[in-house]
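Numbering (UniProt numbering), first residue to last: 1 to 229. First comes the structure, then the notes that go with it.
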């Protein structure tokens with residue numbers, strides 16, 4: 001009887017141990033990627049950090065340093081589609097400086113475990129972002145006096161991106177495309193000759209809400225990775 005009881009206990013222990021090993025979650029490769037976006041170098045340096053949370057979900061945060069706002073000058077003042085134009089000069093746009101911040105939640109639709117290798121790394125990512133651009137003061141001389149024109153811009157937006165991330169060893173290639181919407185709020189304070197020896201001061205706030213199209217590629221490196229059970 002004792003031998004039978006011992007055999008039952010031993011068998012139960014082996015079965016439970018085997019079940020526990022099968023039920024245990026698979027290890028997750030918690031990669032961290034540092035990326036740069038060369039497609040935005042015409043006006044800003046865009047750097048992002050992606051942290052893998054699970055095999056399907058990662059968080060991406062980014063920061064950008066804006067060293068000219070000339071592309072927006074082309075869109076806001078050179079392309080005439082009947083929109084109101086901000087009361088800012090060409091040189092203010094060209095010499096605009098600013099910062100941008102964004103955060104996204106990336107969901108990998110196809111992983112290497114569930115799909116063909118040719119489609120692995122395909123993802124969908126909603127991103128919210130904010131940018132602030134400061135335009136330099138521009139001095140004007142009117143009616144024997146000096147005045148200073150100033151301005152700045154706030155940008156809020158949402159992007160919906162689809163892409164596919166390729167990884168070979170430590171190198172990452174991340175092409176993407178998508179659509180979005182953004183709101184640009186221009187603030188300006190300018191002085192003009194009002195005639196009859198008068199000075200006209202114009203303090204304005206111009207709000208522009210437009211859809212946007214996004215197409216680009218990010219290049220990066222895998223900094224390190226951890227395994228989480």
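From the three backbone atoms N, C-alpha and C, an ideal C-beta is built for every residue, glycine too.
{"Item": "Just tell me which of 206, 194 and 72 has its CA closest to the CA of residue 94.", "Value": "72"}
{"Item": "Rounded C-beta distance between residue 62 and residue 30? I'm assuming under 8 Å.", "Value": "About 19 Å separates the two Cβ atoms, so there is no contact after all."}
{"Item": "For residue 56 and residue 121, I'd like the C-alpha separation in whole angstroms.", "Value": "9 Å"}
{"Item": "Going by Cα to Cα distance, which pick from 155, 91, 65 and 97 is closest to residue 210?", "Value": "155"}
{"Item": "What are the boundary residues of the beta strand (DSSP E) that residue 67 is part of?", "Value": "Note, residue 67: premise wrong, no beta strand (DSSP E); not H, not E."}
{"Item": "In three-state DSSP terms, what is residue 76?", "Value": "helix"}
{"Item": "Could you tell me which residues DSSP pairs with residue 188 in its beta bridges?", "Value": "151 and 204"}
{"Item": "Please classify residue 46: is it buried, with 16 or more other beta-carbons within 10 angstroms of its beta-carbon, or exposed?", "Value": "buried"}
{"Item": "Alpha carbon to alpha carbon, how far is residue 158 from residue 182? Give it in angstroms, no decimals.", "Value": "6 Å"}
{"Item": "Quick check on residue 89: does DSSP put it in helix, strand or coil?", "Value": "coil"}
{"Item": "How is residue 122 classed by DSSP in three states: helix, strand or coil?", "Value": "strand"}
{"Item": "Determine whether the beta carbon atoms of residue 100 and residue 134 lie at a separation below 8 Å.", "Value": "no"}
{"Item": "Between residue 88 and residue 186, is the Cβ-Cβ spacing less than 8 Å?", "Value": "yes"}
{"Item": "Taking Cβ positions, are residue 217 and residue 143 nearer each other than 8 Å?", "Value": "no"}
{"Item": "To the nearest angstrom, how far is the alpha carbon of residue 171 from that of residue 191?", "Value": "52 Å"}
{"Item": "Between residue 49 and residue 152, what straight-line distance do the alpha-carbon atoms span, to the nearest angstrom?", "Value": "28 Å"}
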